[in-house]
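Residue numbers (my numbering), protein chains in the order written: chain A, 1 to 239; chain B, 1001 to 1239. Right, one structure below, let's go through it.
There are 2 protein chains.
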Amino acid sequence: MPAAAAPGTTAGTAGTSSADSAGASKSVRRRAGRPSAALLDQAGITAAALELIGRKGYDGLTMAALARQLDVAPSALYNHVASKRDVLLLVEDHLAALVDVSGFGAGSWEDAVRTWAWSYRDVFAQHTPLIPVIAVLPVTDAPQTLAMYETVSGGFLAAGLPEERIVSAIVALESFIFGSAYDVTAPADIFDAGSMAGATPHFTAAVRSLAARGDERPADVAFGLGLEALITGLGALRR
Amino acid sequence: MPAAAAPGTTAGTAGTSSADSAGASKSVRRRAGRPSAALLDQAGITAAALELIGRKGYDGLTMAALARQLDVAPSALYNHVASKRDVLLLVEDHLAALVDVSGFGAGSWEDAVRTWAWSYRDVFAQHTPLIPVIAVLPVTDAPQTLAMYETVSGGFLAAGLPEERIVSAIVALESFIFGSAYDVTAPADIFDAGSMAGATPHFTAAVRSLAARGDERPADVAFGLGLEALITGLGALRR
DNA sequence: CTTATAAATGAATGCCATTCATTTAGTGAT
DNA sequence: ATCACTAAATGAATGGCATTCATTTATAAG
């Protein structure tokens, strides 16, 4: 857990072990009506969603399952979120706080970017179904994500990148990170050409010679290779 | 299991220009039973799916809509594809053939990569819902995609990249391309911090100064920046 | 002529997100 | 105290979705 960022606002609730409201499985039958204390809130929904995702994966994350996890009727969720997409947004923003931006302001710019990029990829490799959501997500709707951008922007500016290229540089890195996150989840034999191998000699040979020197995970090798290239190339913009 | 199946008898029809069977909207009521010539085949299904995607987007691509487009009952589709995922695979492989690999073997390696990467991104920017599918797709199931890899591998080898790094280099570029494809579809105001702008001075300033010099599309600027960095970095591996 | 089969039908099935009328328990004002 | 208001729950629809299955039938093969 890289920790870090976790900007002030919601830090109070976020700090508590997220399991509490998630695990509530009292089988006590409740009647409709306003309870003494609200059963649901966004923090509880987020925690329950994460718990569910961890146990059953994203296929298991249905509004019905989420409601059951919280011992509540599915329709009750809609008092606190407008849609399932909203739930995914809550989860996404929670995860953004786990990305390690501690390197910015500490060591070299290169090392800070390395730490950030690897942890960013690692976090979202476990949550690839969120990537299509993030990609189109206005930052306004995700405060933790926005906080991450602020820290990274500050680090880039301090390192001497021209202000007008900072967003482009971040976007380029992020695009690479998201694409690479998918890569982590790919099956090991994804490049096995099978019966078509005869028709693709160059590619088949390349796949074989990669596999031959295989201690490190292929996805990690590719990520390291691309990341170092990006760091060098983007670093050259500094003045 | 996709590919294989393709009942031999009807293979002849598969070779025909795929557009014909897509537009078939005869309202003639048919009875159950084997028709004189098969109404459906994978080429026709692919063409109809592309037509539908172009007209209604991926939300409009349902098995029911696809069947209607082909003037057939939804269940009939399952004689030719095992699942909706299979339909997406057919579409993906069709698109792979549109990617421009003509640069390999022609000009410089750098230019070939540029042409390939830009066209690859452009094709899939229109089809981002396919990206999660491609990412986990064994190449065996996608002959056109495999053919693309073969051409690119050959180009990389000819340019002097060590064989054991070719796959990693391609994966790194592809990851960047997929991530960047999402970027193209993002709304223009995605980085507008709105009410949070006060709390994020560096980021907000960076966004503003990017917008200030804005003739080119932001997604294109970021893609160009990252791509040139990758080309330089990966090119340095040549011997 | 018989038989096997590919390829269609349409009627389920089960899952899903979401909506809605309804109920109820607190809160705050009079 | 009483009353009205409202937040937050319920459970019963609703409509859409992919997929399955028993059934039908034209055709090709033997």
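For every residue, glycine included, the Cβ atom is placed at its ideal position computed from N, Cα and C. Bear in mind that the values here come from a model prediction, so they are computed numbers and not experimental data.
Residue i burial status per 10 Å Cβ neighbour count (16 or more: buried)
i: proline 1201 of chain B; result: exposed
i: aspartate 100 of chain A; result: buried
i: alanine 236 of chain A; result: exposed
i: arginine 1213 of chain B; result: exposed
i: aspartate 1111 of chain B; result: exposed
i: alanine 1219 of chain B; result: buried
i: alanine 169 of chain A; result: buried
i: alanine 43 of chain A; result: buried
i: arginine 121 of chain A; result: buried
i: glycine 1179 of chain B; result: buried
i: leucine 1098 of chain B; result: exposed
i: serine 119 of chain A; result: buried
i: leucine 125 of chain A; result: Reading the sequence as shown, one finds alanine at residue 125 of chain A and not leucine. It counts as buried.
Backbone CA spacing between residue i and residue j [nearest angstrom]
i: alanine 67 of chain A; j: arginine 1239 of chain B; result: 59 Å
i: valine 91 of chain A; j: valine 184 of chain A; result: 20 Å
i: serine 240 of chain A; j: glycine 155 of chain A; result: The requested residue 240 of chain A does not occur in the structure, where chain A is confined to residues 1 to 239.
i: valine 1113 of chain B; j: tyrosine 78 of chain A; result: 48 Å
i: leucine 1089 of chain B; j: valine 207 of chain A; result: 22 Å
i: isoleucine 177 of chain A; j: threonine 115 of chain A; result: 12 Å
i: leucine 1227 of chain B; j: alanine 1181 of chain B; result: 13 Å
i: valine 167 of chain A; j: alanine 1199 of chain B; result: 17 Å
i: valine 1133 of chain B; j: glutamate 150 of chain A; result: 32 Å
i: leucine 1225 of chain B; j: isoleucine 190 of chain A; result: 29 Å
i: alanine 1073 of chain B; j: leucine 1040 of chain B; result: 11 Å
i: leucine 50 of chain A; j: alanine 1186 of chain B; result: 26 Å
i: leucine 52 of chain A; j: aspartate 1059 of chain B; result: 26 Å
Cβ of residue i within 8 Å of any chain A Cβ
i: leucine 1234 of chain B; result: yes
i: isoleucine 1190 of chain B; result: yes
i: histidine 1202 of chain B; result: yes
i: aspartate 1183 of chain B; result: yes
i: isoleucine 1045 of chain B; result: no
i: alanine 1076 of chain B; result: no
i: glutamate 1163 of chain B; result: yes
i: serine 1102 of chain B; result: no
i: glycine 1107 of chain B; result: no
i: threonine 1145 of chain B; result: no
i: alanine 1014 of chain B; result: Only weak support exists for where alanine 1014 of chain B lies, its pLDDT of 32 falling under 50; the coordinates are left without a value.
i: serine 1168 of chain B; result: yes
i: threonine 1140 of chain B; result: yes
i: glutamate 1150 of chain B; result: yes
i: leucine 1052 of chain B; result: no
CB contact check: residue i to chain B, cutoff 8 Å
i: tyrosine 58 of chain A; result: no
i: arginine 213 of chain A; result: yes
i: leucine 225 of chain A; result: yes
i: tyrosine 120 of chain A; result: no
i: phenylalanine 178 of chain A; result: yes
i: glutamate 174 of chain A; result: yes
i: threonine 128 of chain A; result: yes
i: glutamate 228 of chain A; result: yes
i: valine 221 of chain A; result: yes
i: glutamate 92 of chain A; result: no
i: glycine 154 of chain A; result: yes
i: glycine 160 of chain A; result: no
Bounding residues of the alpha helix (DSSP H) (the contiguous stretch that carries residue i)
i: glutamate 150 of chain A; result: 143-158
i: serine 108 of chain A; result: No alpha helix (DSSP H) contains serine 108 of chain A, which DSSP labels as neither H nor E.
i: isoleucine 1045 of chain B; result: 1042-1056
i: phenylalanine 1223 of chain B; result: 1218-1235
i: proline 201 of chain A; result: 201-212
i: glutamine 126 of chain A; result: Premise fails: glutamine 126 of chain A is in no alpha helix (DSSP H) and is neither H nor E.
i: glycine 179 of chain A; result: 163-185
### Query
How about the region 222-235 of chain A and the region 167-176 of chain A: do they share at least three Cβ pairs that are nearer than 8 Å?
yes
#### Entry: Contact the region 132-140 of chain A vs the region 187-205 of chain A: 3+ CB pairs below 8 Å
no
### Query
Can at least three beta-carbon pairs, one atom from the region 45-63 of chain A and one from the region 82-91 of chain A, be found at a separation below 8 Å?
yes
### Query
If we count Cβ pairs, one from each stretch, closer than 8 Å, do we get three or more for the region 1101-1118 of chain B versus the region 1155-1165 of chain B?
yes
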